[in-house]
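Going line by line, the protein sequences match chains A and B. For this note's numbering, count along the first sequence from 1 and bump the result up by 22. For this note's numbering, count along the second sequence from 1 and bump the result up by 22. We put the beta carbon where it would ideally sit given N, CA and C, even for glycine. As structure tokens, the structure follows; a few thoughts come after it.
There are 2 protein chains.
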Amino acid sequence: MNIGEAADASGLPAKTIRYYEEIGLIRPRRDANGYRAFAPRDVHKLAFLARARALGFSVEECRALLGLYEDETRASEDVKRLAQGHLARIDAKIGELQSLRVTLADLIEACAGDHRPDCPILADLAAGAAQGRTKGRMR
Amino acid sequence: MNIGEAADASGLPAKTIRYYEEIGLIRPRRDANGYRAFAPRDVHKLAFLARARALGFSVEECRALLGLYEDETRASEDVKRLAQGHLARIDAKIGELQSLRVTLADLIEACAGDHRPDCPILADLAAGAAQGRTKGRMR
DNA sequence: ATGATCCTTCCAGTAGATGGAAGGTCAAGC
DNA sequence: GCTTGACCTTCCATCTACTGGAAGGATCAT
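Encoded structure:
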């Protein structure tokens, strides 16, 4: 199976597959002509990686997950811990974004959005660094 | 005012300030010795940038915002449009993360997290690429 | 044989900094 | 006057996770 087929089968672009080989996530053997030859097992790993990346795991986390996946003697505890760490980061990110969202939505609402120059958004950016938030929300 | 002071005053690391100069966001003048000399106006711009970046605007959006801020004849409409675009991207990102969060939390909950190798998380990653989701949630 | 479509490697670029090396400058203290 | 240390300067490398493209070899269909 050449890289094109492996790409179709795994859902990853060929470029990405080459990159994953470069960083040592997979090691497909090579045909006599130098072409990469993907065994079903390789394609399976690629699909695993694609799914793990889609769930937001970092490439290094994916490496660890793949290692655990291939280790018959793994403890599910290790997998769970890894996933929990990732979940915690996602939650942190969501919280961060929701906080931004509130501030930004307030500012947008306060802005007339017409042809005049007066703008609470710019006013906040200019003053906000000092401390002022819209609507005087201060801690 | 040297870069160290400007950094303290604006809340941005000196490295970042140099970077912002490099990409043309600010143009502090130079003292005879080659040191950057920050006028209050420069520091104000840096603080503006720090706040805008903290709100998640991209550097290019910050450039545009700074341009609007300095343009007395701006229309608040333009600022608002920019901010609305950013808000939309934040909302999209939040949605994406929340979706990941649900899947991941389900998987984590299903995982015993003990010393045994059986693990629904790995099972999902291995099979998930095909289509299976935990709890058979399919569209 | 020829052209299209594969495949290969290698280099560069993306965003937004950050770290570090090598070296110039300045103010204080002795 | 000289050293020490805290500044400052530039330049280059590194990070994440790819992606784009150039140059060239291999394969396939006609």
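task = Please report the Cβ distance between Leu34/A and Ala72/A, rounded to the nearest whole angstrom; I am assuming they are in contact, meaning their Cβ atoms lie under 8 Å.
result = 5 Å
Integer Cβ distance of Leu104/A from Ala86/A, believed to fall under 8 Å: 6 Å
Segment contact, 8 Å Cβ cut-off, at least three pairs: the segment 112-126 of chain B with the segment 24-42 of chain B: no
Nearest to Glu82/B by alpha carbon, out of Asn24/B, Leu119/B, Ser121/B and His108/B? His108/B
> With 8 Å set as the bound, which would you pick, yes or no: does the beta-carbon of Ser98/A sit closer than that to a beta-carbon of chain B?
Replying inline: Closer than 8 Å: yes.
Measure how close the beta-carbons of Tyr91/B and Leu144/A come, nearest whole angstrom, since I'm counting them as under 8 Å.
5 Å
Exercise for the section: Give the range of the alpha helix (DSSP H) segment to which Ala69/A is assigned. Expected result: Pro62 to Ala76
| query | Do Lys102/B and Ile130/A have their C-beta atoms within less than 8 Å of each other? | reply | yes
Residue interval of the alpha helix (DSSP H) (run including Glu94/B)
Unbroken run through Glu94/B: none, as it is neither H nor E.
Which word fits Gly135/A, buried or exposed, when buried means at least 16 other C-beta atoms lie within 10 angstroms of its C-beta?
-> With 16 or more Cβ atoms within 10 Å of its Cβ, Gly135/A is classed as buried.
Checklist entry - Can you find a CB in chain A that lies within less than 8 Å of the CB of Ile2/B? => result Because residue 2/B is not part of the residues shown, which for chain B are 23 to 161, the question remains open.
- Task: Check whether the Cβ of Phe60/B lies closer than 8 Å to any Cβ atom in chain A.
- Result: no
Can you find the residues in the same chain that come closer than 6 Å, C-beta to C-beta, to Asp53/B, ignoring five residues on each side of it along the sequence? Ala59
ask   = Who pairs with Arg58/B in a beta bridge, going by DSSP?
value = Arg52/B
_Could you compute how far the alpha carbon of Leu147/B sits from the alpha carbon of Glu44/A?_
22 Å
Chain A contacts made by the segment 101-118 of chain B, where a contact means CB separation under 8 Å: Val101, Lys102, Arg103, Ala105, Gln106, His108, Leu109, Ile112, Asp113, Lys115 and Ile116
Handout entry: Among Gln120/B, Leu122/B, Ile112/B and Ser121/B, nearest to Ser121/A - alpha-carbon criterion
Key = For the residues Gln120/B, Leu122/B, Ile112/B and Ser121/B, the minimum Cα distance to Ser121/A belongs to Ile112/B.
message: Quick check on Ile167/A - is its C-beta less than 8 Å from some C-beta in chain B?
response: There is simply no residue 167/A to check, as chain A begins at 23 and stops at 161 in what is shown.
_With H, G and I counted as helix, E and B as strand and the rest as coil, what does DSSP make of Ile45/B?_
In the structure shown, Ile45/B sits in coil (DSSP, three-state: anything other than H, G, I, E or B).
Just the Cα atoms here: how many angstroms apart are Pro50/A and Cys141/B?
Across the structure, Pro50/A and Cys141/B are spaced so that their CA atoms are roughly 26 Å apart.
Within 8 Å of any Cβ in chain A, is that where the Cβ of Leu47/B sits? Cβ-Cβ to chain A under 8 Å: no for Leu47/B.
Of the residues that make up the segment 77-93 of chain A, which ones have a beta carbon closer than 7 Å to any beta carbon in chain B? Leu77, Gly78, Leu87, Leu90 and Tyr91
**Asked** Would the beta-carbon of Arg96/B fall within 8 Å of that of Cys84/B?
**Response** no
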